[in-house]
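Q: There's a structure below that I have some questions on.
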Amino acid sequence: YSNGWLAMLGVAIAQDKPAAIERAARPLVRVPIHLTLEEARVIIEAAKSVVNGENGRAAIAVVDFNGNLISLDSMDGTSGFWVKFAIGKAIGAVTLQQSTAESADQLQTNPQRFHSALSLMEGQIILIPGGLPLIIDNVIVGAVASAGHRGDGDVHAAKAGIAAWEKYRQSTRAEGTQH
Numbered sequence: 015y016s017n018g019w020l021a022m023l024g025v026a027i028a029q030d031k032p033a034a035i036e037r038a039a040r041p042l043v044r045v046p047i048h049l050t051l052e053e054a055r056v057i058i059e060a061a062k063s064v065v066n067g068e069n070g071r072a073a074i075a076v077v078d079f080n081g082n083l084i085s086l087d088s089m090d091g092t093s094g095f096w097v098k099f100a101i102g103k104a105i106g107a108v109t110l111q112q113s114t115a116e117s118a119d120q121l122q123t124n125p126q127r128f129h130s131a132l133s134l135m136e137g138q139i140i141l142i143p144g145g146l147p148l149i150i151d152n153v154i155v156g157a158v159a160s161a162g163h164r165g166d167g168d169v170h171a172a173k174a175g176i177a178a179w180e181k182y183r184q185s186t187r188a189e190g191t192q193h
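Everything in the sequence shown is counted per the numbering used here, starting at 15 for the first residue and increasing by one.
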C-alpha cells in the first residue's frame, strides 16, 4: 500500500514540474495600479492631522476601486468598531460611486438603490457620512473614510485627506514622477 501511494505521489510531482516551469517562463502580467500605498498614506496622515487638531480620535481607511483595503490607521484610543465603520464607509463610497452622506440621503429619495446596495454588499458597507470617493480624471480610483470623529469631523477629516492627496498628485506630476 505505501509503495503504491509513493509511486502515485511521484507521478503527481513529476506532472507538476512541467506546469511549474511553464508558469515561471510566462511573462509577468502587470496590472495598472491607480492608487498607491504612498498616496494612501498621504491621505491618511492628512486626515489624522485634522482629527488630532480637533482633539479627536478616529479610524481612517483607504480602499482601491474594487474596495480592497490599501491602508488603515486606528488612532490611539479608537474603538475597534470604528475600524470596521471606516472600512465599511470607504467600501460604500467606492461601491456606490458617491459620498456615503449622499448614499444615506437615498434612504428617503431612492430607497430601492439604498436597500439594494445594503443587500448586495451583505454588511460590508456603511452608508453614513464620512466616506468619500477618490477621483482622477472623472474615474473613481478608490475611497477614503473616517469613523469615530464625532459630528461632521469624519467628513472634514476625509476631505482634508483628499485635499492633501490632490496636492501630492500635482507635485509629483510637476516633478514627472506621477504614479
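Note that beta-carbon positions come from the ideal geometry of N, C-alpha and C, so glycine has one too. Just so we're clear, the structure is a prediction, and the values are computed from it rather than from any experiment.
Work out the CA separation of residue 119 and residue 174 for me, nearest whole Å.
A: In the sequence shown, counting from the first residue as 1, residue 174 sits at position 160. In the sequence shown, counting from the first residue as 1, residue 119 sits at position 105. So the two alpha carbons sit approximately 22 Å from each other.
Q: Could you tell me whether the Cβ atoms of residue 168 and residue 177 are closer together than 8 Å?
A: Locating residue 168 in the sequence shown gives position 154, counting from the first residue. Locating residue 177 in the sequence shown gives position 163, counting from the first residue. Not a contact, by the Cβ cut-off of 8 Å.
Q: Suppose contacts are defined by Cβ-Cβ distances below 8 Å. Is residue 81 in contact with residue 56 by that definition?
A: Here the question's residue 81 lines up with position 67 in the sequence shown. Here the question's residue 56 lines up with position 42 in the sequence shown. The answer is no: Cβ separation not under 8 Å.
Q: Taking a contact to mean a Cβ-Cβ separation below 8 Å, would you say residue 145 touches residue 103 in this structure?
A: Here the question's residue 145 lines up with position 131 in the sequence shown. Here the question's residue 103 lines up with position 89 in the sequence shown. Yes, these two residues count as a Cβ contact at 8 Å.
Q: Beta strand (DSSP E) containing residue 156: first to last residue?
A: Taking the sequence shown and counting its residues from 1, one reaches residue 156 at position 142. Its beta strand (DSSP E) spans residues 153 to 161.
Q: Taking the DSSP output, what are the residues bridged to residue 145?
A: Position 131 of the sequence shown holds residue 145. According to DSSP, which records beta bridges pairwise, residue 145 is partnered with 159.
Q: Which one or two residues does DSSP pair with residue 150 in a beta bridge?
A: On the sequence shown, position 136 is the one that residue 150 refers to. According to DSSP, which records beta bridges pairwise, residue 150 is partnered with 153.
Q: Please classify residue 184 as buried or exposed, where buried requires at least 16 neighbouring CB atoms within 10 angstroms.
A: As a working note, residue 184 is residue 170 in the sequence shown. Residue 184 is exposed by the Cβ-count criterion.
Q: Going by alpha carbons, who is nearest to residue 59 out of 88, 48 and 78?
A: Here residue 59 is taken as the residue at index 45 of the sequence shown, counted from 1. With distances taken between Cα atoms, residue 59 lies closest to 88.
Q: To the nearest angstrom, how far is the alpha carbon of residue 45 from that of residue 149?
A: The residue given as residue 45 occupies position 31 in the sequence shown. The residue given as residue 149 occupies position 135 in the sequence shown. Below a pLDDT of 50, predicted positions are generally treated as unreliable, and residue 45, at 49, falls in that range; the measurement from the model is reported next regardless. Cα to Cα, residue 45 sits roughly 19 Å from residue 149.
Q: Does the distance from the CB of residue 147 to the CB of residue 122 come in under 8 Å?
A: To locate residue 147, count along the sequence shown from 1; it is residue 133. To locate residue 122, count along the sequence shown from 1; it is residue 108. For residue 147 and residue 122, no; Cβs fall outside 8 Å.
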